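Its first residue numbered 1256, the sequence shown is counted upward by one per residue in the numbering used here.
Written below as structure tokens is the structure these notes are about.
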Amino acid sequence: MEKSNHHIHLRNTIASFSWHATLYISLHLPLQAHTYSHCKLPLIKKTNTLQEKKWHNYTQKTPSCAAKMRTICWEPKTQSFAFSRHTSAPSSSLSTTPSTSTKENMVSTSIEEAEALILKWDPETSAYGRVTSLFYNDKAEAMHYIHCVNQLQKTMHALLAENPSSRKLVLAQKLMQMAMKRLQKEFYQMLSMSRAHLDPESVSARSSTTSRSSFCSDSFDEGTAEDDVRDTGDCISEVERVSSETVAVLKSIADCMVSNGYGKECVNVYTTMRKSIVDEGVYRLSVEELSASKVNKMDWEVLELKIKGWLEAVKIAVRTLFAGERTLCDQVFGASQSIAEACFAEISRSGAAVLFGFPDLVVRTKKSPPEKIFRIIDMYAAMASLWPEIESVFSYDSTTASRSQAYALLLRLSESVQTSFFEIETAIQKDSSKPVSKFAGVHPLTVQVMNHLSTLADYSNVLSEIFLDVPQPSRSPLPESYLYSPRSDNSTTTGTEFSVQMARLILVLLCKIDGKSRHCKEVSLSYLFLTNNLRHVVAKVRTSNLLYVVGDDWVLNHEAKVKQLMTSYERVAWGKVLSSLPENPAAEMSPAEARVMFGNFNLEFEKAYRKENAFTILEQEFREETKASLARKISPIYREMYETLRNSVGSAREMREYVIFTPEDVENYMLNLFSAGRSSSITEENSSFFVRKKFCKKCK
């Protein structure tokens, strides 16, 4: 603030003596401009060396306003230019106070030297300066130009302190304006022509120390400058070397303009150029500004492609584009942290808004396909992994808006995922589809939900973070008729909120399947339907990452429930067949007992087989397991009973009076169970056997 007040006071003072400027310019400027452009600066400087030394010692003892302004406006980290390259350093041993005429000569010499160089490169007075770039043409002269401008500023402050009405002050101010205009042009040209050398990737990868080269120094030492650049070139690639030199040039111009009160002009040029580059970089990453209505009109396939593109773009944008741009701002405006902050905030604002605004549009879109939750989780994972870098890149107070937008997006994505879980539960409970008549297969709802949950389990690390410390919401009660204990389901989870959420969704699914089993007309079919669906659920858990979410205990408990349901099915569907078999099939029986025993078996087996064979089980593995389980319980006992009767009767003709099914027949029937309609020959064979059984029943 003090620095700004000095500059305002300086300009106001000059303005108050405008009549001096008018008179001076009209009478003397053309002549002086002509004279100074042909003067020999080395000779002038040489005659005044001793006087300069005296003036230097005087200013060291009695700090002037110019010295104070120099301290306030700019504190360079390197030795400042005290004299031109044609003058040796002054000795501190001399302490004689210079006279008024000596000081005037020094001021005149400083202004003359600055005027000669400034007019040489002024495009309005010099054709050479109009077509030639100062910093591309001669690096040494460019640095001498900046040195002269800095010295001119010191001279102006000295004049302001000694003689505010001096006409030389007006001339110096005019020269300063010409110099700033030239430096502003050079700054623009350097930013425009060096875009390839200022790409964010090379800037962000380059260490901040490599950006310090000869141009960052205020001491004009041509040999040291060349040595610094050469040392830097030994450590980094050619591209990075050129980039470092370019940044150093920009920094030297920016430091000069800012320290001389033209920071606003410098910042305007810089932000205009670099903002367009950042915005273009975001666009080239295939991230464009979209409206909510446009997103809603997109097909999901198109929107999903844009989401996948954004997932790659956000990593590059944060780690390279914005990080590189912040590094560049810090390097170019290293002398003023506040200016660097303001520049980066202005440059990154719109690009960051577009980048962090796209996921929010996806969350708010009305499209809700099953895959949407996975894409939202992907975006959350990307933002969560980048959050430390986002905090670092956008750590300035002036970039709070971008940082807050990114954090709000992270929360919005997290809330959207949590909401999606509750929507899944609601969708399961509202499913109104009914099982197909005589269908004992896995219901489509079971397949869809378990596929969905198994994919969600692949994101268990991210989802565990999302559901961390999430309070339990109010939930609808489960059906009272559920065959499995809900308390046991919740108690077998690993304890994390995400595990509870997943176990809850599986439990809701099983309750829904239990409700659908009520639509089965046969009790045995309902048990078969429940067993098959629960078995599918357990198998899906065991073969996916759901196993690590709900735990081994959950799997063991539900495998036991599968066995319980299977036992219930066998009891309801085949219980009478099993009870018709003797406890001791090897015990001898009388002909009357044999007739009753085999008659009951034939009747119950026919009845059970006809009913159960009408059911459809598409899952081959479950079908074979069920048939094998029944065969193990029926075939061995029946065969032993059959062999006992044959040994006691002995005649095949007499055996046919008691027996309809041989042991081989029973085994074949069990092998063909649940195959109604699969083979017409089997159906015809079954019919013939049952006709014979009915005939025997009449005879009895």
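Think of the CB as a built atom: it goes at the ideal place given N, C-alpha and C, for glycine as much as any other residue.
Here the structure is a predicted model, which is why all the values come from computation and not from measurement.
Quickly, what does DSSP pair PHE1694 with across the bridge? List them, please.
In the sequence shown, residue 1694 corresponds to position 439, counting from 1. Looking at the DSSP assignment, PHE1694 forms a beta bridge with THR1871.
Measure the alpha-carbon distance for ALA1595 versus THR1526 and round it to whole angstroms.
The count along the sequence shown starts at 1 and reaches residue 1595 at position 340. The count along the sequence shown starts at 1 and reaches residue 1526 at position 271. Our two residues, ALA1595 and THR1526, have alpha carbons roughly 10 Å apart in a direct line.
Beta-carbon proximity of LEU1785 to ILE1768, cut-off 8 Å:
Counting from one through the sequence shown, the residue named residue 1785 turns up at place 530. Counting from one through the sequence shown, the residue named residue 1768 turns up at place 513. A contact, by the Cβ cut-off of 8 Å.
Report back the beta-carbon spacing between ILE1562 and MET1634 to the nearest angstrom; my notes put them in contact at under 8 Å.
The sequence position of residue 1562 within the sequence shown is 307, counting from 1. The sequence position of residue 1634 within the sequence shown is 379, counting from 1. About 7 Å separates the two Cβ atoms, so the contact holds.
Is ALA1869 closer than 8 Å to LYS1693 when the C-beta atoms are compared?
Position 438 of the sequence shown holds residue 1693. Position 614 of the sequence shown holds residue 1869. Yes, the Cβ-Cβ distance between LYS1693 and ALA1869 is below 8 Å.
Residue nearest to PHE1860 in terms of C-alpha spacing, selected from LEU1885, MET1398, GLY1564
As a position in the sequence shown, residue 1860 is number 605, starting the count at 1. Ranking the options by Cα distance to PHE1860, first place goes to LEU1885.
Which whole-angstrom value is the C-beta distance of VAL1792 and MET1705, which I expect to be below 8 Å?
Here residue 1792 is taken as the residue at index 537 of the sequence shown, counted from 1. Here residue 1705 is taken as the residue at index 450 of the sequence shown, counted from 1. Correct: roughly 6 Å between the Cβ atoms.
Would you call the stretch 1843-1850 in contact with the stretch 1656-1675, where contact means no fewer than 3 C-beta pairs closer than 8 Å?
Because the criterion of three Cβ pairs below 8 Å is not met, the stretch 1843-1850 and the stretch 1656-1675 do not touch.
Quick one: residues in its chain with C-beta nearer than 8 Å to the C-beta of SER1591, no 5 flanking neighbours on either side, listed in chain order?
Position 336 of the sequence shown, counted from the start, is the residue given in the question as residue 1591. Within the same chain, SER1591 has close Cβ partners VAL1513, GLY1518.
ILE1915 versus VAL1921 - alpha carbon distance
For the purposes of this step, residue 1915 is taken as residue 660 along the sequence shown, with counting starting at 1. For the purposes of this step, residue 1921 is taken as residue 666 along the sequence shown, with counting starting at 1. Roughly 10 Å between the two C-alpha positions.
With 16 other CB atoms within 10 Å as the buried threshold, where does TYR1893 fall?
By 1-based counting over the sequence shown, the position of residue 1893 is 638. TYR1893 is buried by the Cβ-count criterion.
Can you give me the Cβ contacts of SER1365 inside the same chain, cut-off strictly under 6 Å, excluding the 5 residues immediately before and after it?
As a working note, residue 1365 is residue 110 in the sequence shown. Answer for SER1365: GLN1406, THR1410, listed in chain order.
Whether or not the stretch 1419-1427 and the stretch 1498-1510 are in contact is what I'm after, with contact meaning three or more pairs of Cβ atoms, one per stretch, closer than 8 Å; do they touch?
no
Check whether the Cβ atoms of LEU1576 and LEU1453 lie closer than 8 Å to each other.
Along the sequence shown, one-based indexing puts residue 1576 at 321. Along the sequence shown, one-based indexing puts residue 1453 at 198. Not a contact, by the Cβ cut-off of 8 Å.
Inter-residue Cα distance where the pair is PRO1614 and SER1647
The sequence position of residue 1614 within the sequence shown is 359, counting from 1. The sequence position of residue 1647 within the sequence shown is 392, counting from 1. The straight-line gap separating the alpha-carbon atoms of PRO1614 and SER1647 is approximately 21 Å.
Is SER1834 near the ligand PLP - that is, is its Cβ less than 7 Å away from at least one heavy atom of it?
With respect to the ligand PLP, the structure shown offers nothing to examine, as it has no ligands at all.
For PRO1625 and HIS1707, I'd like the C-alpha separation in whole angstroms.
Reading the sequence shown from its first residue, position 370 is the one you call residue 1625. Reading the sequence shown from its first residue, position 452 is the one you call residue 1707. Their backbone Cα atoms lie some 8 Å apart in a straight line.
For GLY1606 versus VAL1533, is the C-beta spacing smaller than 8 Å?
Locating residue 1606 in the sequence shown gives position 351, where the first residue counts as 1. Locating residue 1533 in the sequence shown gives position 278, where the first residue counts as 1. Yes.
Of the choices VAL1617, TYR1824, LYS1552, whose alpha-carbon is the least far from that of LEU1780?
Your numbering for residue 1780 matches position 525 in the sequence shown. Nearest of VAL1617, TYR1824, LYS1552 to LEU1780, Cα basis: TYR1824.
When we look at the beta-carbon of SER1469 and count the other beta-carbons within 10 Å, is it buried (16 or more) or exposed?
Along the sequence shown, read from residue 1 onward, the residue named residue 1469 stands at position 214. Confidence at SER1469 is low in this model, with a pLDDT of 39, below 50, so its placement is unreliable and the value that follows should be read with caution. So SER1469 counts as buried.
For the alpha helix (DSSP H) containing LYS2022, name the first residue and the last one.
Missing from the structure shown is residue 2022; the chain here goes from 1256 to 1955 and no further.
Assuming TRP1809 is part of the alpha helix (DSSP H), what are its boundary residues?
Along the sequence shown, read from residue 1 onward, the residue named residue 1809 stands at position 554. Residues 1807-1835.
Cβ neighbours of ASP1686 in the same chain (closer than 7 Å, five flanking residues each side left out):
Counting from one through the sequence shown, the residue named residue 1686 turns up at place 431. Counting only Cβ-Cβ distances below 7 Å, and skipping sequence neighbours, we find LEU1700, LYS1767.
Taking DSSP as the reference, what is the three-state secondary structure of ALA1841?
Residue mapping note: residue 1841 aligns to position 586 of the sequence shown, counting from 1. Reduced to three states, the DSSP call for ALA1841 is coil.
Would you report the Cα separation of CYS1954 and GLU1919, rounded to the nearest angstrom?
On the sequence shown, position 699 is the one that residue 1954 refers to. On the sequence shown, position 664 is the one that residue 1919 refers to. Note that CYS1954 has pLDDT 34, beneath the 50 cutoff, so the model's placement of it is unreliable and the number below is only indicative. CYS1954 and GLU1919 have their C-alpha atoms spaced approximately 25 Å apart.
Out of TYR1803, LEU1811, ALA1682, state which residue places its alpha-carbon closest to the alpha-carbon of CYS1764.
Counting from 1 along the sequence shown, the entry for residue 1764 is found at position 509. The sequence as given places Leu at residue 1764; Cys does not occur at that position. The option with the nearest alpha carbon to LEU1764 is ALA1682.
Using beta-carbon positions only, say whether LYS1866 and GLU1777 come within less than 8 Å of one another.
Taking the first residue of the sequence shown as 1, we reach residue 1866 at position 611. Taking the first residue of the sequence shown as 1, we reach residue 1777 at position 522. Yes, these two residues count as a Cβ contact at 8 Å.
Would you say LEU1438 and GLU1370 are within 8 Å of each other, going by their C-beta atoms?
As a first step, residue 1438 must be located in the sequence shown, where it is residue number 183. As a first step, residue 1370 must be located in the sequence shown, where it is residue number 115. Not closer than 8 Å, so no.
Cα-Cα separation, GLN1684 to GLY1770:
Along the sequence shown, one-based indexing puts residue 1684 at 429. Along the sequence shown, one-based indexing puts residue 1770 at 515. For GLN1684 and GLY1770, the distance between alpha carbons rounds to 10 Å.
If you measure between the beta carbons of ASN1787 and PHE1649, is that distance less than 8 Å?
If you number the sequence shown from 1, residue 1787 lands on position 532. If you number the sequence shown from 1, residue 1649 lands on position 394. No.
According to the neighbour-count rule (16 or more other Cβ atoms, all chains shown, within 10 Å of its Cβ), is PHE1677 buried or exposed?
Looking up residue 1677 in the sequence shown gives position 422. Looking at its Cβ environment, which holds fewer than 16 other Cβ atoms inside 10 Å, PHE1677 is exposed.
Helix, strand or coil for MET1705? Go by DSSP, reduced to three states.
Here residue 1705 is taken as the residue at index 450 of the sequence shown, counted from 1. Three-state result, MET1705: helix.
When you compare each of SER1548, PHE1599, HIS1698 to LEU1789 by their alpha carbons, which one comes out closest?
The count along the sequence shown starts at 1 and reaches residue 1789 at position 534. For LEU1789, the nearest C-alpha among the options comes from HIS1698.
Beta-carbon spacing of MET1435, ASN1523 below 8 Å:
Walking along the sequence shown from the start, residue 1435 turns up at place 180. Walking along the sequence shown from the start, residue 1523 turns up at place 268. Contact flag unset, no.
Would ALA1509 and PHE1588 be called neighbours here (beta carbons separated by less than 8 Å)?
Indexing the sequence shown from 1 puts residue 1509 at position 254. Indexing the sequence shown from 1 puts residue 1588 at position 333. For ALA1509 and PHE1588, yes; Cβs fall inside 8 Å.
Secondary structure at ILE1562, three-state DSSP: helix, strand or coil?
The residue given as residue 1562 occupies position 307 in the sequence shown. The answer is helix: DSSP assigns ILE1562 an H, G or I state.
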